[in-house]
């Protein structure tokens, strides 16, 4: 584990073409990802601060656990940073 | 070299071969269960996947011990080259070659899985299909090469493994949902009443951060 960058935010993005609705992500990151009635992920579009270590850990588990690798974490840098 | 002529290496080869056969059968069955979206009530779907991964690792450990003890053992003249190149063993050429082919396929599946995040998912899935071929080949190898495989309890185990794998394959073919299989009981909103489309907000039912469900392991962190 590297240094946790506490600045900035992240969102989880899903590639709907790759997604086959396995539902692993909603079990691994239940506070961020819900499933619709067909089993596809519905992801809260609201960015989550990187300082929320619990949510970030869940998001990483979901990203790693996707059988189709359809999820990825997108970092949103703070405006003005770098 | 005296140690290499004792029968214990040969016993280890036979025992780890049987163990590897059982574990790989389990891995194949669990892999089929992942695809059919098994789990979701008393065990999570992601947990089936995790068990599939971890048991495959222990199966590979048993397989490597099986191969190394076969090479070291002086009872059969199977060298290190025969572990990877088929039809090079003077001892039971065809039966040992079946095991060699199975090992090569398993190595391909293993390496592609280790590289999963670096290769295309479609490529990984194509290579992963060969695990079925590897499993069939290894069972043929077990039956044709195995010292104990044609009688007694090992024969029963072999037949049971075959039946379990065939059942998993049939389950995989006929019970597999086309794509999504609906919510799991472990996922949030699983028991929420389904609202009609009109009463639903267009996107996500916005839950304030403070009210988001928190997993037990994360309590107290925020």
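Protein chains in written order, with our numbering: chain A, 1 to 82; chain B, 83 to 304. Positions of the beta carbon are idealized from the N, C-alpha and C atoms, including for glycine. Predicted model only: the values in this text are computed from it and were never measured.
**Q.** Chain-ordered neighbours of residue 28 of chain A on chain B, where CB pairs are closer than 9 Å
**A.** Taking the first chain and counting its residues from 1, one reaches residue 28 of chain A at position 28. Chain B residues near residue 28 of chain A: 126 and 128.
Q) Do residue 131 of chain B and residue 18 of chain A have their C-beta atoms closer together than 9 Å? A) Position 49 of the second chain holds residue 131 of chain B. Position 18 of the first chain holds residue 18 of chain A. Cβ distance not < 9 Å, so residue 131 of chain B and residue 18 of chain A don't count as in contact.
Q. From residue 51 of chain B to residue 226 of chain B, what does the alpha carbon distance come to, in whole angstroms?
A. This structure cannot speak to residue 51 of chain B, because chain B is shown only from 83 to 304.
Q: Could you pull out every unbroken alpha helix (DSSP H) segment of at least 4 residues lying fully inside the segment 135-200 of chain B, listed in chain order?
A: 175-196
Q) How would you call residue 106 of chain B, buried or exposed, if buried means at least 16 neighbouring beta carbons within 10 angstroms? A) For the purposes of this step, residue 106 of chain B is identified with residue 24 of the second chain, where counting begins at 1. Label assigned to residue 106 of chain B: buried.
Q: Could you work out which residues of chain D lie near residue 8 of chain A, taking near to mean beta carbons separated by less than 9 Å?
A: Although the question refers to chain D, the structure presented lacks it and instead comprises the protein chains A and B.
Q: State the start and end residues of the unbroken beta strand (DSSP E) segment that holds residue 72 of chain A.
A: By one-based count along the first chain, residue 72 of chain A stands at place 72. Where residue 72 of chain A is concerned, the enclosing beta strand (DSSP E) stretches over 71-76.
Q) Counting Cβ pairs closer than 8 Å, one from the segment 93-101 of chain B and one from the segment 29-47 of chain A, do we hit at least three? A) no
Q: Give the DSSP-derived three-state secondary structure of residue 34 of chain A in the structure shown.
A: For the purposes of this step, residue 34 of chain A is taken as residue 34 along the first chain, with counting starting at 1. Residue 34 of chain A: strand per DSSP, three-state reduction.
(Q) By DSSP's criteria, residue 13 of chain A is part of a beta bridge. Which residues make up the other side? (A) For the purposes of this step, residue 13 of chain A is taken as the residue at position 13 of the first chain. Answer is A:72.
Q. Roughly how many angstroms separate the alpha carbons of residue 137 of chain B and residue 51 of chain A, rounded to a whole number?
A. What you label residue 137 of chain B is simply residue 55 of the second chain in a count that begins at 1. What you label residue 51 of chain A is simply residue 51 of the first chain in a count that begins at 1. Approximately 35 Å between the Cα atoms of the pair.
Q. Any chance the segment 219-236 of chain B sits against the segment 177-192 of chain B, with 3 or more Cβ pairs inside 8 Å?
A. yes
Q. So which of B:110, B:148, B:249 and B:108 has the shortest CA-CA distance to residue 99 of chain B?
A. Taking the second chain and counting its residues from 1, the one referred to as residue 99 of chain B is at position 17. Closest by alpha carbon: B:148.
Q: Would you check if the distance between the CB atom of residue 232 of chain B and the CB atom of residue 23 of chain A is smaller than 9 Å?
A: On the second chain, residue 232 of chain B is found 150 positions in, with the first residue counted as 1. On the first chain, residue 23 of chain A is found 23 positions in, with the first residue counted as 1. Cβ distance not < 9 Å, so residue 232 of chain B and residue 23 of chain A don't count as in contact.
Q: Assign residue 280 of chain B to buried or exposed, taking buried as 16 or more other Cβ atoms, counted over all protein chains shown, within 10 Å of its Cβ.
A: For the purposes of this step, residue 280 of chain B is identified with residue 198 of the second chain, where counting begins at 1. Confidence is the limiting factor: at residue 280 of chain B the pLDDT is only 42, short of 50, which leaves the residue's position unreliable and the question unanswerable from this model.
**Q.** Nonlocal neighbours in the same chain, by C-beta distance under 6 Å from residue 216 of chain B, ignoring five residues either side
**A.** Within the second chain, residue 216 of chain B is the residue found at index 134, counting from 1. Once the five neighbours on either side are set aside, the close Cβ partners of residue 216 of chain B are 184, 187 and 188.
Q: Identify the contact partners of residue 18 of chain A in chain B, using a Cβ-Cβ distance below 8 Å as the criterion.
A: Indexing the first chain from 1 puts residue 18 of chain A at position 18. Chain B residues near residue 18 of chain A: 203.
Q. Who are the Cβ neighbours of residue 144 of chain B in its own chain at under 7 Å, not counting the five residues just before and after it?
A. Position 62 of the second chain, counted from the first residue, corresponds to residue 144 of chain B. 98, 101, 102 and 105.
Q. Which residues does DSSP pair with residue 43 of chain A in a beta bridge?
A. Residue numbering aside, residue 43 of chain A sits at position 43 when the first chain is read from its first letter. Answer is A:33, bridged to residue 43 of chain A.
**Q.** Cβ pair residue 212 of chain B, residue 199 of chain B closer than 9 Å
**A.** On the second chain, residue 212 of chain B is found 130 positions in, with the first residue counted as 1. On the second chain, residue 199 of chain B is found 117 positions in, with the first residue counted as 1. No, the Cβ-Cβ distance between residue 212 of chain B and residue 199 of chain B is not below 9 Å.
Q) Got a sec: is the Cβ-Cβ distance from residue 116 of chain B to anything in chain A below 9 Å? A) Taking the first residue of the second chain as 1, we reach residue 116 of chain B at position 34. So, interface residue.
Q | Beta-carbon neighbours of residue 68 of chain A, restricted to chain B and to distances below 7 Å | A | Taking the first residue of the first chain as 1, we reach residue 68 of chain A at position 68. Within 7 Å Cβ-Cβ: 203.
Q: Would you mind sorting residue 234 of chain B into buried or exposed? The rule is 16 or more other CB atoms within 10 Å of its CB.
A: On the second chain, position 152 is the one that residue 234 of chain B refers to. Result: exposed.
(Q) So for residue 48 of chain B, helix, strand or coil by DSSP? (A) Only positions 83 to 304 of chain B appear in the structure, and residue 48 of chain B is not among them; the question remains open.
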